[in-house]
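In what follows, a structure is listed as structure tokens, so that the remarks can point back to it.
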Amino acid sequence: MNRHDLNVQEAWKQGYTGKGVVVSILDDGIEKNHPDLSANYDPGASYDVNNNDPDPQPRYTQLNDNRHGTRCAGEVAAVANNGICGVGVAYNARIGGVRMLDGEVTDAVEAKSLGMYPQHIDIYSASWGPEDDGKTVDGPAKLAQAAFFKGISQGRGNLGSIFVWASGNGGREHDSCNCDGYTNSIYTLSISSTTQNGNVPWYSEACSSTLATTYSSGGQFEKQIVTTDLRQKCTESHTGTSASAPLAAGIIALALEANKNLTWRDMQHLVVQTSKPSHLSTNDWITNGVGRKVSHSYGYGLLDAGAMVALAKNWTSVGNQRKCVIVITSEPKDIGNRLEIRKRIDACRGGSNFIHFLEHVQARITLSYNRRGDLAIYLNSPMGTRSTLLAQRQNDYSSEGFTDWAFMTTHSWDENPSGEWVLELENTSGANNYGTLRQFTLVLYGTAPTNYNQQKSTNISLPANCKTLNFQQVCVECEGVFFLHQQSCVEKCPPGFYKGLIDGPLENNIESQQVLACLPCHASCRTCNGSGFQFSKVKIYTLQNGKGIISYKGISDAWKDGDLSESDCEEFDVEGQSERTAFIKKIQSVL
Numbered sequence: 008m009n010r011h012d013l014n015v016q017e018a019w020k021q022g023y024t025g026k027g028v029v030v031s032i033l034d035d036g037i038e039k040n041h042p043d044l045s046a047n048y049d050p051g052a053s054y055d056v057n058n059n060d061p062d063p064q065p066r067y068t069q070l071n072d073n074r075h076g077t078r079c080a081g082e083v084a085a086v087a088n089n090g091i092c093g094v095g096v097a098y099n100a101r102i103g104g105v106r107m108l109d110g111e112v113t114d115a116v117e118a119k120s121l122g123m124y125p126q127h128i129d130i131y132s133a134s135w136g137p138e139d140d141g142k143t144v145d146g147p148a149k150l151a152q153a154a155f156f157k158g159i160s161q162g163r164g165n166l167g168s169i170f171v172w173a174s175g176n177g178g179r180e181h182d183s184c185n186c187d188g189y190t191n192s193i194y195t196l197s198i199s200s201t202t203q204n205g206n207v208p209w210y211s212e213a214c215s216s217t218l219a220t221t222y223s224s225g226g227q228f229e230k231q232i233v234t235t236d237l238r239q240k241c242t243e244s245h246t247g248t249s250a251s252a253p254l255a256a257g258i259i260a261l262a263l264e265a266n267k268n269l270t271w272r273d274m275q276h277l278v279v280q281t282s283k284p285s286h287l288s289t290n291d292w293i294t295n296g297v298g299r300k301v302s303h304s305y306g307y308g309l310l311d312a313g314a315m316v317a318l319a320k321n322w323t324s325v326g327n328q329r330k331c332v333i334v335i336t337s338e339p340k341d342i343g344n345r346l347e348i349r350k351r352i353d354a355c356r357g358g359s360n361f362i363h364f365l366e367h368v369q370a371r372i373t374l375s376y377n378r379r380g381d382l383a384i385y386l387n388s389p390m391g392t393r394s395t396l397l398a399q400r401q402n403d404y405s406s407e408g409f410t411d412w413a414f415m416t417t418h419s420w421d422e423n424p425s426g427e428w429v430l431e432l433e434n435t436s437g438a439n440n441y442g443t444l445r446q447f448t449l450v451l452y453g454t455a456p457t458n459y460n461q462q463k464s465t466n467i468s469l470p471a472n473c474k475t476l477n478f479q480q481v482c483v484e485c486e487g488v489f490f491l492h493q494q495s496c497v498e499k500c501p502p503g504f505y506k507g508l509i510d511g512p513l514e515n516n517i518e519s520q521q522v523l524a525c526l527p528c529h530a531s532c533r534t535c536n537g538s539g540f541q542f543s544k545v546k547i548y549t550l551q552n553g554k555g556i557i558s559y560k561g562i563s564d565a566w567k568d569g570d571l572s573e574s575d576c577e578e579f580d581v582e583g584q585s586e587r588t589a590f591i592k593k594i595q596s597v598l
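Numbering (the numbering used here), first residue to last: 8 to 598.
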């Protein structure tokens with residue numbers, strides 16, 4: 008055995024084996040009658056979404072194509088001391104499987120799988136995603152996004168479902184896991200791999216959204232993962248980040264047994280605070296603004312099960328998540344060979360969403376570029392941490408650019424976000440490339456000490472009858488029966504306007520809400536009681552549920568002859584999924 012490990016035995020010595028915790032593998036099914044799984048199998052955590060029945064048993068083929076979920080399940084909860092394949096990290100946990108990859112993987116299939124039995128299943132482990140081809144930019148579509156949000160907000164009795172995700176196997180294609188909207192999500196705990204000898208595997212993708220690392224396969228003479236296999240057999244060759252995510256899910260199950268009251272964000276804090284950078288080799292380790300080592304290949308390092316359960320036992324919840332949204336620029340700017348955007352912020356000081364300790368940071372970016380793969384993007388925090396949001400991707404010849412893509416970094420965790428942020432966009436090739444940055448919005452997530460809750464800025468006063476300012480100090484909601492009109496509040500709407508409702512001006516609310524406002528009459532009317540035509544929605548600048556920014560800048564720009572609907576928003580359709588394993592072909596992706 009390698010003398011460096013995940014310190015699982017220390018967690019077992021403390022008495023934690025996953026008892027009472029339920030894990031489900033979202034994959035191609037699990038062999039529920041496998042002798043090393045059957046005693047821990049939980050039918051209440053299982054379903055066949057592909058065939059719409061309760062049985063997740065894999066479809067057997069001559070090539071054993073559908074072995075992936077069974078292999079992942081054994082890593083989590085293979086039974087101990089039975090002399091069969093091995094032992095799962097959380098060998099007393101209950102294990103289930105959702106069969107959802109053995110068929111067309113649609114938005115609806117993903118959403119149903121992610122939302123399966125959220126009051127029973129504690130942890131969902133997923134080792135799949137968009138193609139790891141070094142050119143795809145894709146993520147969850149509308150239904151899956153809603154399922155993620157519902158899971159973290161309502162799952163596990165409102166403590167939040169825990170989604171563990173494999174970071175991706177596109178290393179050979181120079182892919183970036185920040186172009187994968189599943190691993191790049193704040194709602195998933197993204198896990199990378201290291202080899203037996205502590206090196207970066209050939210398949211590993213580097214990105215700023217990876218949180219931590221576990222062991223997996225490596226070079227020709229390095230060991231791979233031992234686990235359960237199809238047809239009641241065992242394997243010594245489970246590979247890739249596919250094998251890393253279930254090991255993390257098992258460790259998280261141990262921590263959850265130690266403290267059932269942990270929220271989904273508490274679990275991420277525990278991972279950040281207890282992961283170990285020691286013995287992991289890479290040239291990009293940095294020390295962030297609060298003294299933690301972090302890497303784009305490994306996140307905060309190797310998971311440490313013993314340290315994690317010890318800290319979990321007496322953990323005090325970090326409290327409610329705060330969200331601060333700041334539009335840095337919405338004016339088109341030429342990227343050229345290099346563009347730098349600097350902005351000093353106060354992290355929403357004076358509002359209920361003021362943040363003093365960071366968790367996730369998103370740079371939501373819309374830009375055009377003639378060859379997307381030549382573009383590199385960096386984000387520098389006020390405390391000096393430089394995150395690579397996007398590295399060069401040699402295979403990406405696309406000229407589509409990015410439309411409100413939320414590049415995420417975990418590297419500034421616990422830093423103070425107040426101060427100057429710097430976004431850098433850089434042409435990494437010698438080619439005469441060209442493009443335009445159209446919008447950059449900084450989204451901060453985190454917390455503040457309770458004594459900051461009521462802290463108000465001394466130099467800002469509310470306009471008359473204004474209830475809420477956004478963080479550009481523009482009124483976006485009025486008191487009582489006053490109506491919002493041209494950034495001020497009025498009792499009566501002037502000629503040419505009528506009383507109505509607009510959606511979602513409160514930038515830092517996760518849910519949009521309706522606000523009284525003066526809406527313009529149809530162009531043919533001097534006065535009116537309504538629009539004069541069917542009118543479904545008007546939206547001004549807001550951040551929707553993880554979907555992205557729908558930017559109709561003010562009422563006049565939004566005015567159209569006809570309905571405004573969600574179809575006006577850019578959608579990201581998931582056309583193909585792939586296993587997160589180094590050697591298995593699944594659907595579209597081969598590594």
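Every residue, glycine too, gets a C-beta built ideally from N, C-alpha and C.
Measure the C-alpha to C-alpha separation of Leu309 and Ala85 and round it to an integer number of angstroms.
Here residue 309 is taken as the residue at index 302 of the sequence shown, counted from 1. Here residue 85 is taken as the residue at index 78 of the sequence shown, counted from 1. Straight-line Cα distance between these residues: approximately 22 Å.
Look up Gly306 in the DSSP assignment and give the residues it is bridged to.
Here residue 306 is taken as the residue at index 299 of the sequence shown, counted from 1. Ser302, per the DSSP bridge assignment.
Roughly how far, in whole angstroms, is the beta-carbon of Thr435 from the beta-carbon of Gln399, given that I think they are within contact range, below 8 Å?
Within the sequence shown, numbered from 1, the residue matching residue 435 stands at position 428. Within the sequence shown, numbered from 1, the residue matching residue 399 stands at position 392. That pair is a contact at about 4 Å.
What beta strand (DSSP E) runs, 3 residues minimum, are completely inside the region 214-246?
219-222, 232-236, 240-245
What span of residues does the beta strand (DSSP E) with His276 cover, start to end?
Along the sequence shown, read from residue 1 onward, the residue named residue 276 stands at position 269. Counting along the chain, His276 falls outside any beta strand (DSSP E), though it belongs to the alpha helix (DSSP H) covering 271-281.
Please classify His286 as buried or exposed, where buried requires at least 16 neighbouring CB atoms within 10 angstroms.
In the sequence shown, the residue the question calls residue 286 occupies position 279. When all chains shown are included, His286 counts as exposed.
Our contact map puts Ile91 next to Cys241 with C-beta atoms below 8 Å; I'd like the distance itself, whole angstroms only.
Along the sequence shown, one-based indexing puts residue 91 at 84. Along the sequence shown, one-based indexing puts residue 241 at 234. Correct: roughly 7 Å between the Cβ atoms.
Alpha-carbon spacing of Thr190 relative to Val483, whole angstroms:
For this step, residue 190 is matched to residue 183 along the sequence shown. For this step, residue 483 is matched to residue 476 along the sequence shown. If you take the alpha carbons of Thr190 and Val483, they lie about 33 Å apart.
Going by the DSSP bridge assignment, what does His181 pair with across the sheet?
Within the sequence shown, residue 181 is the residue found at index 174, counting from 1. Note: His181 sits in no beta bridge, so no partner.
Do the CB positions of Pro63 and Asp55 come within less than 7 Å of each other?
The count along the sequence shown starts at 1 and reaches residue 63 at position 56. The count along the sequence shown starts at 1 and reaches residue 55 at position 48. Contact: yes.
Hey, which unbroken runs of the beta strand (DSSP E) at 3 residues or more fall wholly within the region 412-455?
426-434, 442-454
Could you tell me the distance, in whole angstroms, from the CA atom of Cys184 to the CA atom of Ser174?
Walking along the sequence shown from the start, residue 184 turns up at place 177. Walking along the sequence shown from the start, residue 174 turns up at place 167. Each residue's Cα considered, the two are about 6 Å apart.
Which residues in the same chain as Asn71 place their Cβ atom closer than 6 Å to its Cβ, once the five residues preceding and following it in sequence are excluded?
The residue you call residue 71 lines up with position 64 of the sequence shown. Once the five neighbours on either side are set aside, the close Cβ partners of Asn71 are Leu237.
Gly426 to Ile352 span [Cα, whole Å]
Walking along the sequence shown from the start, residue 426 turns up at place 419. Walking along the sequence shown from the start, residue 352 turns up at place 345. Their backbone Cα atoms lie some 5 Å apart in a straight line.
Assigned secondary structure, Phe361 (DSSP; H/G/I helix, E/B strand, else coil):
Numbered from 1 along the sequence shown, position 354 holds the residue referred to as residue 361. Residue state, collapsed to three classes: coil.
Sequence-distant residues of its chain with Cβ nearer than 7 Å to Ala265 (five each side left out):
Taking the sequence shown and counting its residues from 1, one reaches residue 265 at position 258. Answer for Ala265: Tyr23, Val316, Ala319, Lys320, listed in chain order.
Cα-Cα separation, Glu431 to Ser251:
To locate residue 431, count along the sequence shown from 1; it is residue 424. To locate residue 251, count along the sequence shown from 1; it is residue 244. Their backbone Cα atoms lie some 32 Å apart in a straight line.
Look at the alpha carbon of Asn327 and the alpha carbon of Leu451, and state the distance between them as a whole number of angstroms.
Taking the first residue of the sequence shown as 1, we reach residue 327 at position 320. Taking the first residue of the sequence shown as 1, we reach residue 451 at position 444. Approximately 14 Å between the Cα atoms of the pair.
For Val278, I'd like the list of residues in its chain whose CB is within less than 6 Å of its CB, leaving aside the five on either flank, ordered along the chain.
Counted from its first residue, the sequence shown places residue 278 at position 271. Once the five neighbours on either side are set aside, the close Cβ partners of Val278 are Leu218, Ala219.
If I'm right that Ala256 touches Met274 with Cβ under 8 Å, what's the distance once you round it to whole angstroms?
Working through the sequence shown from its first residue, we reach residue 256 at position 249. Working through the sequence shown from its first residue, we reach residue 274 at position 267. With 8 Å as the limit, Ala256 and Met274 do not qualify as a contact, their Cβ atoms being about 11 Å apart.
Among residues of its own chain, excluding the 5 on either side of Ser405, which ones have a beta-carbon nearer than 8 Å to its beta-carbon?
Counted from its first residue, the sequence shown places residue 405 at position 398. Contacts found: Lys142, Val144, Arg378, Arg379, Gly380.
Hey, quick one: how far does the beta strand (DSSP E) through Cys31 stretch, first residue to last?
Translated into the one-based positions of the sequence shown, residue 31 becomes position 24. The sequence shown places Ser at residue 31, rather than the Cys named in the question. Start and end: 29-34.
Within its chain, find whatever has a CB closer than 6 Å to the CB of Asp109; leave out the 5 residues flanking it on each side and keep chain order.
As a working note, residue 109 is residue 102 in the sequence shown. Closer than 6 Å at Cβ, skipping near neighbours: Asp35, Asn57, Arg66, Asn73.
Return yes when at least one heavy atom of the ligand FAD lies under 6 Å from the C-beta of Trp19, else no.
Among the components of this structure there are no ligands whatsoever, and the ligand FAD is therefore not found.
Whole-number beta carbon distance between Cys186 and Ser134, since they are thought to touch under 8 Å
The sequence position of residue 134 within the sequence shown is 127, counting from 1. The sequence position of residue 186 within the sequence shown is 179, counting from 1. Wrong, their Cβ atoms sit about 18 Å apart, outside the cutoff.
Suppose you measure from the CA of Lys20 to the CA of Ala314; what does that come to, to the nearest Å?
As a position in the sequence shown, residue 20 is number 13, starting the count at 1. As a position in the sequence shown, residue 314 is number 307, starting the count at 1. For Lys20 and Ala314, the distance between alpha carbons rounds to 12 Å.
Got a sec, what are the start and stop residues for the beta strand (DSSP E) Phe490 sits in?
Against the sequence shown, residue 490 aligns to sequence position 483. First-last of the beta strand (DSSP E) with Phe490: 490-492.
Closest to Ala213 by CA distance: which of Gly51, Thr417, Thr475 is it?
On the sequence shown, position 206 is the one that residue 213 refers to. Answer by Cα proximity: Thr417.
What is the rounded straight-line gap between the Cα of Gly503 and the Cα of Phe490?
Sequence index remark: in the sequence shown, residue 503 carries index 496 (1-based). Sequence index remark: in the sequence shown, residue 490 carries index 483 (1-based). Straight-line Cα distance between these residues: approximately 14 Å.
Expressed to the nearest angstrom, what Euclidean distance is found between the alpha-carbon atoms of Gly178 and Gly453?
Residue 178 sits at position 171 when you count from the first residue of the sequence shown. Residue 453 sits at position 446 when you count from the first residue of the sequence shown. Near 31 Å, if we compare the C-alpha coordinates of Gly453 and Gly178.
Enumerated in chain order, which unbroken segments of the alpha helix (DSSP H) with a length of 4 residues or greater are wholly contained in the region 365-420?
none
Would you mind stating whether Phe414 and Ala370 have Cβ atoms separated by less than 7 Å?
Within the sequence shown, the letter at position 407 stands for residue 414. Within the sequence shown, the letter at position 363 stands for residue 370. Yes, these two residues count as a Cβ contact at 7 Å.
Excluding the 5 residues flanking His276 on each side, which residues of the same chain have their C-beta closer than 7 Å to its C-beta?
Position 269 of the sequence shown, counting from 1, holds the residue named residue 276. Val325.
Report yes if the CB atom of Cys485 is closer than 7 Å to the CB atom of Lys499, and no otherwise.
Position 478 of the sequence shown, counted from the start, is the residue given in the question as residue 485. Position 492 of the sequence shown, counted from the start, is the residue given in the question as residue 499. No. Outside cutoff.
Going by DSSP, what residues sit across from Val497 in a beta bridge?
Position 490 of the sequence shown, counting from 1, holds the residue named residue 497. Phe490, per the DSSP bridge assignment.
Grab me the residues of Val429's own chain with a C-beta within less than 6 Å of its C-beta, minus the 5 sequence neighbours each way, in chain order.
Start at 1 with the first residue of the sequence shown, and residue 429 comes out as number 422. Excluding positions up to five away in sequence, the list reads Arg349, Asn387.
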